[in-house]
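Protein chains in written order, with the numbering used here: chain A, 97 to 212; chain B, 85 to 194.
Have a look at the structure below, then the notes.
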Amino acid sequence: SAVISQKPSRDICQRGTSLTIQCQVDSQVTMMFWYRQQPGQSLTLIATANQGSEATYESGFVIDKFPISRPNLTFSTLTVSNMSPEDSSIYLCSVEEGGRKKYEQFFGPGTRLTVL
Amino acid sequence: RKEVEQDPGPFNVPEGATVAFNCTYSNSASQSFFWYRQDCRKEPKLLMSVYSSGNEDGRFTAQLNRASQYISLLIRDSKLSDSATYLCVVTNNAGNMLTFGGGTRLMVKP
Chain A
97 SAVISQKPSR
107 DICQRGTSLT
117 IQCQVDSQVT
127 MMFWYRQQPG
137 QSLTLIATAN
147 QGSEATYESG
157 FVIDKFPISR
167 PNLTFSTLTV
177 SNMSPEDSSI
187 YLCSVEEGGR
197 KKYEQFFGPG
207 TRLTVL
Chain B
85 RKEVEQDPGP
95 FNVPEGATVA
105 FNCTYSNSAS
115 QSFFWYRQDC
125 RKEPKLLMSV
135 YSSGNEDGRF
145 TAQLNRASQY
155 ISLLIRDSKL
165 SDSATYLCVV
175 TNNAGNMLTF
185 GGGTRLMVKP
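This is the structure we're talking about:
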C-alpha cells in the first residue's frame, strides 16, 4: 500500500493562531481525505480533497475554518484556522488507492495538535 | 441512532481465547465494510475487508449480514499483540465515504 507521511507529527499552539498540516504520498492517488480524531473518540471525516477541484466538506466543517489545498496527486494540506482548545485533536490524512483496493483507505501517522 | 454502533468494551480475555466483536449499521444501502485496527497513539490500519460471503484471514474471520445490517469479527487463539481497538467501518451508498464506529477495545492478558 501507499506510504503516507504527515508533517508536523505533533504541535502545541496558542489559541487564535493557525496551523497547516502537510500530507505526502509516495504514489499518485485520486482520492485524499482528512479526518479528525478527538480524544477518546473515533474518526470523523472533515473533507474529501480531490486534485483540480474544491474540497468537499462534511456537515459541521467549513472551508473558512479548515481550508484545504490539493495542488497535485501526491500532496495535500489542511489548515486549522483561528484555533481554540476545542480543536485539540489528532488530524489524519488518508488515501484511497483504487483499483483492486477500491474503497479501502490507508492512513498517515497523524498530527497530534494541542491548543492552549 | 448512530450510523455505526459498536460495544466499546473493553473485552479482557486470556491468551488463546476466542473473542467476537459485533457492529450494526443504519444505512441499508452501504456498499463496503471493513475492520480496522488502531493501536494506542497510532493511526488506524486496515485489518480486513468484509464480504457478503464471509471471509477469513488466518485467525480472523469477518461476517456480514446485510438483512440484519450486522457485521462481526471473530479472533481465534488471541495473542497479546492483538490488544488494540477494533474499528468497524462502513461506506456510504457510493462507496467512497467511510463512517467509523466508536471502536471496541480488546485487551489480551497472559
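All C-beta atoms, glycine included, are put in the ideal place defined by N, C-alpha and C.
No experiment lies behind these values; they were computed from the predicted model shown.
*asked:* With three or more beta-carbon pairs closer than 8 Å as the criterion, would you say the region 172 to 191 of chain B touches the region 88 to 96 of chain B?
replied: yes
*May I ask you to list the residues that DSSP assigns as paired with cysteine 119(A)?*
Gln102(A), Ser172(A)
*From Phe144(B), Glu99(B), Tyr109(B), pick the residue whose C-alpha is nearest to that of arginine 121(B); which is it?*
Phe144(B)
*Rounded to a whole number of angstroms, what is the C-alpha to C-alpha distance between arginine 189(B) and proline 163(A)?*
33 Å
*Taking 7 Å as the cut-off, does the CB of valine 174(B) come closer than this to any heavy atom belonging to the ligand NAP?*
Ligands are entirely absent from the displayed structure, and the ligand NAP is therefore not among its contents.
*Kindly give me the distance between the Cβ atoms of leucine 209(A) and aspartate 107(A), rounded to whole angstroms, as I take these residues to be in contact under 8 Å.*
6 Å
*Is the Cβ of methionine 128(A) closer than 8 Å to any Cβ of chain E?*
Chain labels in this structure do not include chain E; the protein chains are A and B.
*By Cβ distance, which residues of its chain are closer than 7 Å to phenylalanine 157(A), with the 5 residues on each side in sequence left out?*
Ile142, Ala143
_Please identify the residue among Gly142(B), Ser114(B), Thr108(B), Ala101(B) whose C-alpha is closest to the C-alpha of serine 156(B)._
Thr108(B)
*Does the region 167 to 186 of chain A come close enough to the region 135 to 153 of chain B that 3 or more CB-CB pairs lie under 8 Å?*
no
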